[in-house]
Amino acid sequence: MKLAVAIDGPAGAGKSTIAKILGKKFDLMYINTGAMYRAVTFVAMKNNIAPTDIETLCSEVKKMEMHFENDELYLNGENINDRLTLPDISKNVSEYAAIKEVRTLLVDLQRNMAQKYDSIMDGRDIGTVVLKDAKYKFFLTATPEERADRRYKEFKEKHLDVKYEDILEDIKKRDYYDTHREVDPLRKADDAVQIDTTGLDIDGVVNKISKYIVK
Ligand code: CDP
Ligand code: CDP
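Residue numbers for the sequence shown follow full-length UniProt numbering, so the first one is 1 and each next one is one higher.
As structure tokens, this is what we get:
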């Protein structure tokens, strides 16, 4: 059996940053499931497929070959990472991610990846659905304001023109949507260790989690 580490939590909690570092430290493949939902959104928007047109959407999703290399998502052989974090995708992703049929297809792909490699996977439903039997589960949180501030700084570093208020609003909306949707909503698994990262830097979080993992 392969070793699996599950990391869940809301947007900007630090999941991907922490998962990448832990992946290197413990030699685990990092699987960013948020990027997979973003890639579906990217394809849907590019082809003008509305979230109500589930049949067309699913037939497109079935054609998507997705894999990770050096922590980045490749779609049909192309590295599309840069396009996935654009505000337009962020605004729409939760709606596409709420579609049951889309989730079934992606959860299957995610489980296949975890069967092949020792992995660290982050998302919203990893500890509760995708890898229910993961040996280690963590649930990261932080206040919406701190999470928006982290994202704001990130955009500023990339010289992107964004408003803090818009980011905060997007984060709050997605929090609401992700925790209230019918299918596999964001919630802490009963056996996950919860870590409030408010006021905690990246090293602080990595150190806390590392104490649990034995490989
Ligand atoms: O990076 P950030 O936390 O902003 O978001 P993400 O992890 O890239 O996920 C983007 C969106 O995909 C989330 O807001 C969820 O709506 C959805 N998602 C999901 O439903 N299930 C997952 N396992 C991962 C992401
Ligand atoms: O994946 P998720 O949306 O949960 O968050 P992330 O993209 O890993 O982190 C969002 C931003 O917060 C990044 O720029 C991280 O460097 C930063 N961060 C931080 O400042 N302090 C932490 N404890 C965790 C993340």
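Beta carbons: idealized from backbone N, C-alpha and C, even for Gly.
**OP:** Enumerate in chain order the residues of its own chain whose CB-to-CB distance from lysine 20 is below 7 Å, with the five nearest sequence positions on each side excluded.
**Re:** For lysine 20, where only same-chain residues beyond five positions count, the Cβ hits under 7 Å are Tyr30 and Asp71.
**OP:** Please classify glycine 23: does DSSP put it in a helix, a strand, or coil?
**Re:** helix
Original post:
Given threonine 85, which residues of its chain have a CB within under 8 Å of its CB, disregarding the five upstream and five downstream residues?
Top reply: Cβ neighbours of threonine 85 beyond the five flanking positions: Arg38.
Subject >> Spatially closest choice to threonine 17 from Ser94, Val206 and Glu60, by CA coordinates >> reply: Val206
Original post:
Roughly how many whole angstroms lie between the Cα atoms of glycine 178 and valine 214?
Top reply: It should be noted that the sequence gives aspartate, not glycine, for residue 178. Approximately 31 Å, taken between the alpha carbons.
Original post:
Do three or more CB pairs link the segment 42-62 to the segment 133-151 at distances below 8 Å?
Top reply: no
**OP:** Could you tell me whether the segment 6-16 touches the segment 168-183, where touching means 3 or more Cβ pairs closer than 8 Å?
**Re:** yes
Original post:
Ordered along the chain, which non-local residues of its own chain (more than five positions away) have a Cβ less than 8 Å from that of methionine 36?
Top reply: Met66, Leu73, Leu106, Leu109 and Gln110
Subject >> Beta-carbon separation (whole angstroms), leucine 3 vs lysine 135, contact threshold 8 Å >> reply: 6 Å
Original post:
Is tyrosine 136 helix, strand or coil by DSSP?
Top reply: strand
Subject >> Residue from Asp118, Leu75, Lys153 and Ile126 with nearest C-alpha to aspartate 184 >> reply: Ile126
Subject >> Cβ neighbour criterion (16 or more within 10 Å) applied to alanine 50 >> reply: exposed
Original post:
In whole angstroms, what separates the C-alpha of leucine 168 from that of aspartate 175?
Top reply: Each residue's alpha carbon lies about 10 Å from the other.
**OP:** Would you kindly report the start and end of the unbroken beta strand (DSSP E) that includes leucine 73?
**Re:** 72-75 is the extent of the beta strand (DSSP E) around leucine 73.
**OP:** Return yes when the Cβ of valine 102 is within less than 8 Å of the Cβ of residue 234, no when it is not.
**Re:** An answer regarding residue 234 cannot be provided, because it is not within the stretch 1 to 215 covered by the chain.
Original post:
Is it true that the CB of leucine 140 sits closer than 8 Å to the CB of isoleucine 202?
Top reply: no
**OP:** Enumerate in chain order the residues of its own chain whose CB-to-CB distance from arginine 83 is below 8 Å, with the five nearest sequence positions on each side excluded.
**Re:** Phe42 and Ile89
Original post:
Does the Cβ of threonine 143 lie closer than 7 Å to at least one heavy atom of ligand 4?
Top reply: No copy of ligand 4 appears in this structure; the ligands present are ligand 1 and ligand 2.
Original post:
Which residues in the same chain have their Cβ closer than 8 Å to the Cβ of valine 61, if we skip the five residues on either side of it in sequence?
Top reply: Val40, Val43, Val102, Leu105 and Leu106
Subject >> First through last residue of the alpha helix (DSSP H) which encompasses isoleucine 49 >> reply: From DSSP, isoleucine 49 is part of no alpha helix (DSSP H); its letter is neither H nor E.
Original post:
Is the CB-CB distance between leucine 200 and isoleucine 120 below 8 Å?
Top reply: Taking 8 Å as the cut-off, the Cβ atoms of leucine 200 and isoleucine 120 do not count as close.
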